[in-house]
Amino acid sequence: QQPVQSPQAVILREGEDAVINCSSSKALYSVHWYRQKHGEAPVFLMILLKGGEQKGHEKISASFNEKKQQSSLYLTASQLSYSGTYFCGTASSGAGSYQLTFGKGTKLSVIP
Amino acid sequence: GAVVSQHPSWVICKSGTSVKIECRSLDFQATTMFWYRQFPKQSLMLMATSNEGSKATYEQGVEKDKFLINHASLTLSTLTVTSAHPEDSSFYICSARADYLYEQYFGPGTRLTVT
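Residue numbers (our numbering), protein chains in the order written: chain A, 446 to 557; chain B, 2 to 116.
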């Protein structure tokens with residue numbers, strides 16, 4: 446079952462923050478975040494595994510609440526290069542399953 | 002690290018012909034490769050999962066006789082679209098994962114246009 450992402454689209458000015466949410470009705474084992482620019486392949490950002498962990502890299506971080514089956518991606522002090530469509534991909538089975546179901550995406554536009 | 006290539010990056014073919022798309026992991030051995038299809042402004046839809054040396058597992062609704070997948074080595078998987086029709090026109094993307102990783106790395110995609 447496809448995870449639900451919100452918002453569908455967001456426009457930010459450079460330096461502003463954004464949060465993108467991903468929720469599932471199924472028990473999740475892992476959540477994967479990707480960013481895709483127009484006409485290009487998705488680029489891996491980070492993965493969060495069952496255990497309610499939080500990860501971050503510079504100004505992009507994410508959390509995973511396994512009780513609520515939700516993950517959030519946090520973008521702080523956004524840069525023009527952050528523009529693109531963000532997808533969350535979820536894996537519902539255990540450690541042996543690596544198939545991902547992707548949400549519909551959140552289009553992020555960062556303007557000067 | 003974790004670079005995946007696809008060839009060709011775009012292809013235009015006539016209706017009824019077959020097209021082969023290659024997906025290669027350049028700096029790691031890909032235990033599993035995945036093939037996705039993406040329509041404009043839509044999400045990634047998994048078509049099939051292939052493990053090296055095994056038959057591919059197709060998602061419901063994907064015709065395995067039309068979309069032939071071969072994963073002959075740990076660095077190469079191919080997708081052949083047989084008897085292509087205009088409705089097969091799409092962006093096809095492969096991804097690969099190594100045995101020691103959970104995450105998938107995507108190739109640059111192949112844009113197929115069937116006329």
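Even for Gly, the Cβ is constructed at its ideal location relative to N, Cα and C. Fair warning: this is a prediction, and the values are worked out from it, not measured in the lab.
Could you pull the DSSP bridge partners for residue i from this structure?
{"i": "HIS8 (chain B)", "result": "B:GLU23"}
{"i": "TYR479 (chain A)", "result": "A:PHE489 and A:PHE532"}
{"i": "HIS502 (chain A)", "result": "A:ILE505"}
{"i": "TYR37 (chain B)", "result": "B:LEU47 and B:ILE94"}
{"i": "TYR519 (chain A)", "result": "A:VAL464 and A:SER506"}
{"i": "PHE547 (chain A)", "result": "A:GLY534"}
{"i": "ALA1 (chain B)", "result": "Outside the displayed range of chain B (2 to 116) lies residue 1 (chain B), so it cannot be described from this structure."}
{"i": "ALA472 (chain A)", "result": "ALA472 (chain A) is not bridged to any residue."}
{"i": "THR18 (chain B)", "result": "Its beta-bridge partners do not exist; DSSP assigns none."}
{"i": "GLN450 (chain A)", "result": "A:CYS467"}
Write down the C-beta distance between residue i and residue j rounded to the nearest angstrom, noting that I regard them as a contact closer than 8 Å.
{"i": "TRP478 (chain A)", "j": "LEU518 (chain A)", "result": "5 Å"}
{"i": "VAL82 (chain B)", "j": "VAL20 (chain B)", "result": "5 Å"}
{"i": "SER537 (chain A)", "j": "LEU473 (chain A)", "result": "6 Å"}
{"i": "PHE68 (chain B)", "j": "LEU80 (chain B)", "result": "6 Å"}
{"i": "SER468 (chain A)", "j": "PRO487 (chain A)", "result": "With 8 Å as the limit, SER468 (chain A) and PRO487 (chain A) do not qualify as a contact, their Cβ atoms being about 20 Å apart."}
{"i": "ALA73 (chain B)", "j": "ALA31 (chain B)", "result": "Actually they do not touch by this definition, with Cβ atoms about 12 Å apart."}
{"i": "THR50 (chain B)", "j": "PHE29 (chain B)", "result": "At roughly 18 Å, the Cβ-Cβ gap does not stay under 8 Å, so THR50 (chain B) and PHE29 (chain B) are not in contact."}
Give me the Cα-Cα distance between residue i and residue j, rounded to the nearest whole angstrom.
{"i": "LEU545 (chain A)", "j": "LEU45 (chain B)", "result": "10 Å"}
{"i": "SER84 (chain B)", "j": "VAL63 (chain B)", "result": "15 Å"}
{"i": "LYS120 (chain B)", "j": "TYR59 (chain B)", "result": "This structure cannot settle anything about residue 120 (chain B), because the visible part of chain B is limited to 2 through 116."}
{"i": "SER508 (chain A)", "j": "CYS14 (chain B)", "result": "44 Å"}
{"i": "LEU75 (chain B)", "j": "GLU461 (chain A)", "result": "43 Å"}
{"i": "GLN450 (chain A)", "j": "ILE456 (chain A)", "result": "16 Å"}
{"i": "LEU423 (chain A)", "j": "CYS533 (chain A)", "result": "There is simply no residue 423 (chain A) to check, as chain A begins at 446 and stops at 557 in what is shown."}
{"i": "THR530 (chain A)", "j": "HIS483 (chain A)", "result": "8 Å"}
{"i": "SER506 (chain A)", "j": "VAL115 (chain B)", "result": "41 Å"}
{"i": "TRP11 (chain B)", "j": "TYR543 (chain A)", "result": "28 Å"}
{"i": "ARG480 (chain A)", "j": "THR33 (chain B)", "result": "21 Å"}
{"i": "VAL555 (chain A)", "j": "ALA522 (chain A)", "result": "10 Å"}
{"i": "GLY110 (chain B)", "j": "GLN515 (chain A)", "result": "29 Å"}
{"i": "GLU459 (chain A)", "j": "ILE70 (chain B)", "result": "44 Å"}
{"i": "TYR37 (chain B)", "j": "LEU494 (chain A)", "result": "23 Å"}
{"i": "SER26 (chain B)", "j": "ASP89 (chain B)", "result": "25 Å"}
{"i": "LYS56 (chain B)", "j": "LEU553 (chain A)", "result": "38 Å"}
{"i": "TYR93 (chain B)", "j": "GLY108 (chain B)", "result": "9 Å"}
{"i": "SER16 (chain B)", "j": "GLU104 (chain B)", "result": "36 Å"}
{"i": "PRO41 (chain B)", "j": "PRO452 (chain A)", "result": "19 Å"}
{"i": "PRO557 (chain A)", "j": "ALA454 (chain A)", "result": "17 Å"}
{"i": "GLU511 (chain A)", "j": "GLY550 (chain A)", "result": "20 Å"}
{"i": "VAL476 (chain A)", "j": "LYS504 (chain A)", "result": "19 Å"}
Which chain C residues sit within Cβ distance under 8 Å of residue i?
{"i": "TYR106 (chain B)", "result": "Considering every chain present, this structure includes no chain C. Its protein chains are A and B."}
**OP:** Give, in chain order, every residue of the segment 46-58 of chain B whose Cβ lies closer than 7 Å to some Cβ of chain A.
**Re:** LEU47 and THR50
Subject >> Ordered list of beta strand (DSSP E) runs contained in the segment 45-108 of chain B, each at least 3 residues >> reply: 45-52, 68-74, 77-82 and 91-99
Subject >> Positions along the segment 84-96 of chain B whose CB lies within less than 7 Å of some CB in chain A >> reply: ILE94
Subject >> Members of the segment 449-466 of chain A near chain B, C-beta cut-off 7 Å >> reply: Listed by position along the chain: nothing, the set is empty.
**OP:** Select from the segment 506-522 of chain A all residues with a C-beta closer than 7 Å to any C-beta belonging to chain B, and list them in chain order.
**Re:** none
Original post:
When you check each C-beta in the segment 473-487 of chain A against every C-beta of chain B, which residues fall closer than 7 Å?
Top reply: Cβ contacts with chain B: SER475, HIS477, GLU485, ALA486 and PRO487.
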